[in-house]
Ligand SMILES: Cc1ncc(COP(=O)(O)O)c(C=O)c1O
């Protein structure tokens, strides 16, 4: 057990020194009426783009001559620096079709990180394969290449790293592994629009890149949508068929002949027009939000015992989600207080108006859908705790900020959030007391409750 007696963190000067916690009746660090934090931002340009489709254009992507899907595809291929882009119904569908296009089917195993949105593993199972899991790295929260290697075996047919929260995974190491195994890499770039690794964009770092256009994502749509990027001409042709009942790409008229089993996975032209209009502002938004987020992260990095996102050199962060990981040991607590610490901070920060939340409440391999068949719940959970210790600690111990910082005008709001953190860090004695006296459910309890 950690020695909890000797640690006395020093808290840097703060403009909230001496202020009482909002939880105990003090003023909130984040005023209720502060502006900023809207996402997505919908402009008159976006409205015009949608109205143009509603008034004058085909409403379905399969209609001959429909222009919006092709426009968005060309623009996103250019943005990512890839030869092709295929627009589909959602990010989950993008992953599913990319895996099928890479030949994944029954009997195949695909390596997925234990910390990601459940869609990543569902896409593998929908393709007929089985997701096998690797643990994450503690600083980046991305798939650990060594753990990924341990998860591989004779059935490994692809690697599916996630650029979690907007930071590219360790692609050089994963490429070495994929090359050794002779398997493709499908990138889950659902959260990483615009992120770069050694100058190349997410989506151009594997055989195929998959993006979500969920309205909460950095590049949103009005409804659902997804994009798949690739440099592979053959894969591109397959994807075009797979999104439309396995038919060949329509020439003048549609053939209605299915060459392989597939669904309707098309994106709506209205949604494509909206996203294309958003894309015109995408780089500007990313540039404008960067200083506010940097300043916020830099202030939080001064707080003892709080780990801010790590960005290894050569990579840029798209800042989809900001994950913050308090370190119990550095705050004078033991690892057994991890969930209590997270819950205490959640409570006091939210009272201050800082909207922290948990993102993913259990390691993915512990979800009933992804446990080894026939294994008891108790054995399955013990196995997850043993094999995915970093993911287990991160889901139990960290808190996230989502979406509000995507507004490029959110700088002042983020300053107030930083005030909130600094204020709370002035009251670490109370936080410690709360963490010790009120243990909170961890991922095992959450799963048992179901
Ligand atoms: C990492 C990750 N993968 C896949 C998806 C699925 O995308 P969609 O919601 O568009 O199906 C998401 C969406 O939240 C995601 O965050």
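In this note's numbering, the protein residues as written are 27 to 476. The beta-carbon is built from N, C-alpha and C at its ideal position, and this holds for glycine as well. All of these numbers come straight from a predicted model, not from anything done at the bench.
- Residue 275 and residue 122 have their C-alpha atoms spaced approximately 19 Å apart.
- Separation of residue 387 and residue 161 (C-alpha to C-alpha, rounded to the nearest whole angstrom) is 15 Å.
- Secondary structure note for residue 296: it is in no beta strand (DSSP E), and the uninterrupted alpha helix (DSSP H) holding it is 295-327.
- The Cβ-Cβ distance between residue 207 and residue 182 falls below 7 Å.
- Between the alpha carbons of residue 138 and residue 43 lies a distance of about 44 Å.
- Here the alpha carbon of residue 111 sits roughly 10 Å from the alpha carbon of residue 252.
- When the Cα atoms are used, residue 190 and residue 304 turn out to be separated by approximately 22 Å.
- The region 257-266 and the region 95-103 do not touch, with fewer than 3 CB-CB distances between them shorter than 8 Å.
- Distances taken from the Cβ of residue 220 to the heavy atoms of ligand 1 include none shorter than 6 Å.
- At least one heavy atom of ligand 1 lies closer than 6 Å to the C-beta of residue 188.
- Residue environment for residue 378: buried (at least 16 other C-beta atoms within 10 angstroms of its C-beta).
- At a threshold of 6 Å, residue 145 counts as near ligand 1, since its beta carbon sits closer than that to one of the ligand's heavy atoms.
- Taking a contact as a CB-CB distance under 8 Å, the pair residue 432 and residue 244 counts as one, their CB atoms being some 6 Å apart.
- For residue 89, the closest of 355, 82 and 279 by C-alpha to C-alpha distance is 279.
- Distances from the CB of residue 118 to the heavy atoms of ligand 1 include at least one below 6 Å.
- Below 8 Å, enough C-beta pairs join the region 325-332 and the region 346-356 to call them touching: three or more.
- If you draw a straight line from the Cα of residue 413 to the Cα of residue 133, it comes to about 23 Å.
- Around the beta-carbon of residue 232, 16 or more other beta-carbon atoms lie within 10 Å, marking it buried.
- Every alpha helix (DSSP H) of 4 residues or more that sits fully in the region 154-198 is shown, in chain order, as 171-177.
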